[in-house]
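Engineer: Sharing a structure with you now.
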């Protein structure tokens with residue numbers, strides 16, 4: 001084969017770019033001998049899609065939507081004549097493309113996605129076409145200092161009364177305190193959980209989880225559709241802290257510690273009108289046949305809250321900050337913990353391949369087709385900070401605890417004869433490295 005090498009290289013090895021940045025790189029080919037090539041084109045596309053089915057008797061209703069953010073094609077090389085051969089050896093064709101500043105962040109979900117792709121087409125005339133496609137990860141920064149309510153602490157409380165078998169009854173008081181409501185991946189989330197068991201039987205288990213709700217917007221393809229948008233929610237659950245400690249009747253247990261926010265897509269997914277992302281922090285305490293559930297909304301951004309930052313008023317228009325050339329990027333990027341979901345589009349592609357094999361299509365023809373088009377799919381990666389960005393002093397933690405003790409209705413720790421079991425507390429002098437993802441647990445809800 002005359003073309004020994006055909007590859008696409010980006011200036012960034014991980015192919016991660018910020019909205020508004022320039023995507024630069026080169027297309028490299030190596031020829032065993034002089035070869036005629038008609039043209040080499042490069043195309044940048046950005047697209048969002050949502051798609052799902054709803055069973056309706058023996059059939060199903062289909063909902064889908066699509067947004068296109070960019071679709072630009074450039075020519076890197078064009079032959080001047082049929083005899084204009086490229087000599088043997090290595091040849092490099094550089095490119096430079098500026099991303100729009102208002103595009104949303106990359107995202108992969110079970111019912112939709114936001115993808116950015118770079119496709120290179122090498123046209124050899126009657127000999128056919130070679131194509132190569134690679135994904136880009138695009139990050140649109142969400143500065144938490146511009147998000148209303150991100151710096152506010154959260155205090156949630158609930159008292160659950162229950163009646164169980166064997167005359168067990170009583171109530172369980174639970175509270176959750178967070179020092180703020182806005183976080184970035186890799187940041188420690190400091191929490192204070194109190195479970196006061198006023199019941200007549202023991203309870204076991206406390207779970208602190210991060211819930212990601214992805215809301216997809218779509219439109220029916222039915223002729224009788226009203227044309228109004230429909231919504232479809234998918235929930236992912238990431239366990240941040242879990243214990244099966246027994247809390248005996250008449251006692252309380254308090255957990256003061258921190259967990260680490262995993263690598264996930266930023267809240268809101270600004271710039272996308274068909275996919276929205278929301279996050280909740282949730283505490284679950286099983287009480288007899290019931291479960292005490294505390295829920296609080298939080299924001300996941302890409303730029304952390306800064307000291308003395310001013311949060312805009314509620315009536316101010318909140319927009320994503322423009323790309324800043326002097327912004328110091330985080331130390332690393334981590335792949336999304338929820339992983340790449342198998343979309344319906346991918347399943348459809350697989351079905352096409354299966355149908356081709358069932359119809360007896362020539363295997364060599366299938367191999368030839370696949371060899372003409374190579375595709376590299378990357379899992380979206382998001383900014384991930386380390387503990388050095390969030391070092392705190394013991395005085396800061398003491399001040400936070402002082403706020404806890406000044407709540408209008410402080411939870412009873414020793415009143416009415418109740419005693420407290422030992423409190424699990426993290427040393428406050430320094431923060432160790434965040435726990436690995438392997439030590440945590442991932443759950444998917446329907």
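In UniProt numbering, the protein residues as written are 1 to 446.
Glycine included, each C-beta is placed from N, C-alpha and C at the ideal position.
(1) List the whole-angstrom C-beta distance separating residue 271 from residue 184, where the pair is believed to meet the contact cut-off of C-beta under 8 Å.
(2) Once the 5 residues before and after residue 243 are set aside, which same chain residues still bring their CB inside 6 Å of it?
(3) Checking the sheet assignment: what are the DSSP bridge partners for residue 246?
(4) In whole angstroms, give me the CA-to-CA distance for residue 304 and residue 146.
(5) Let me check understanding here. Comparing Cα to Cα, which of 114, 248, 103 lies closest to residue 170?
(6) So, are the CB atoms of residue 216 and residue 50 less than 8 Å apart?
(7) In angstroms, rounded to a whole number, what distance separates the CA positions of residue 241 and residue 211?
(8) Please look up how many angstroms separate the CB atoms of residue 282 and residue 209, rounded, as I've assumed it's under 8 Å.
(9) Mapping the DSSP letters down to three states, classify residue 25 as helix, strand or coil.
(10) Please state whether DSSP places residue 128 in a helix, a strand or coil.
(11) Could you name the residues of the same chain whose beta carbon sits closer than 7 Å to that of residue 87, not counting the 5 residues immediately before and after it, in chain order?
(12) On the three-state DSSP scale, how would you describe residue 144?
(13) Under the three-state reduction of DSSP, which class applies to residue 107: helix, strand or coil?
(14) Beta strand (DSSP E) containing residue 223: first to last residue?
(15) Would you kindly check if the distance between the Cβ of residue 150 and the Cβ of residue 299 is under 8 Å?
(16) According to the neighbour-count rule (16 or more other Cβ atoms, all chains shown, within 10 Å of its Cβ), is residue 126 buried or exposed?
(17) Kindly list the residues whose CB is nearer than 6 Å to the CB of residue 214, restricted to its own chain and excluding five residues on each side of it in sequence; keep chain order.
(18) Considering only C-alpha positions, which residue in the set 122, 97, 274 is nearest to residue 6?
(19) Decide if residue 112 is buried, meaning its Cβ has at least 16 other Cβ atoms within 10 Å, or exposed.
(20) Buried or exposed: which applies to residue 63, given that a residue is buried once 16 or more other Cβ atoms fall within 10 Å of its Cβ?
(21) Find the nearest neighbour of residue 175 within the set 118, 269, 124, 256, judged by alpha-carbon distance.
(22) Roughly how many angstroms separate the alpha carbons of residue 491 and residue 100, rounded to a whole number?
(23) Please report the straight-line C-alpha distance between residue 334 and residue 263, rounded to a whole angstrom.
Structural biologist: Quick answer:
(1) By a beta-carbon distance limit of 8 Å, residue 271 does not contact residue 184. Their separation comes to about 19 Å.
(2) Contacts found: 206.
(3) Residue pairing by DSSP places residue 246 opposite 204 in a beta bridge.
(4) About 10 Å.
(5) Of 114, 248, 103, the residue nearest in Cα terms is 248.
(6) Cβ distance < 8 Å, so residue 216 and residue 50 count as in contact.
(7) The straight-line gap from Cα to Cα measures roughly 13 Å.
(8) With a beta-carbon spacing of about 5 Å, residue 282 and residue 209 fall inside the 8 Å limit used to define contacts.
(9) Looking at residue 25 - three-state DSSP - the assignment turns out to be strand.
(10) Coil.
(11) Answer for residue 87: 34, listed in chain order.
(12) Residue 144 carries a helical assignment under DSSP once its states are collapsed to helix, strand and coil.
(13) For residue 107, the three-state secondary structure derived from DSSP is strand.
(14) For residue 223, no beta strand (DSSP E) segment is defined, and its DSSP state is neither H nor E.
(15) Taking 8 Å as the Cβ cut-off, residue 299 and residue 150 qualify as a contacting pair.
(16) With a 10 Å radius around the Cβ and a threshold of 16 neighbouring Cβ atoms, residue 126 comes out exposed.
(17) Taken in chain order, the residues that qualify are 109, 234, 277.
(18) It is 122 whose Cα lies nearest to the Cα of residue 6.
(19) Classification for residue 112: buried.
(20) Residue 63 should be labelled buried.
(21) In terms of CA proximity to residue 175, 256 leads the group 118, 269, 124, 256.
(22) No statement about residue 491 is possible, as the shown extent of the chain runs from 1 to 446 and does not include it.
(23) Residue 334 and residue 263: Cα-Cα distance of roughly 6 Å.
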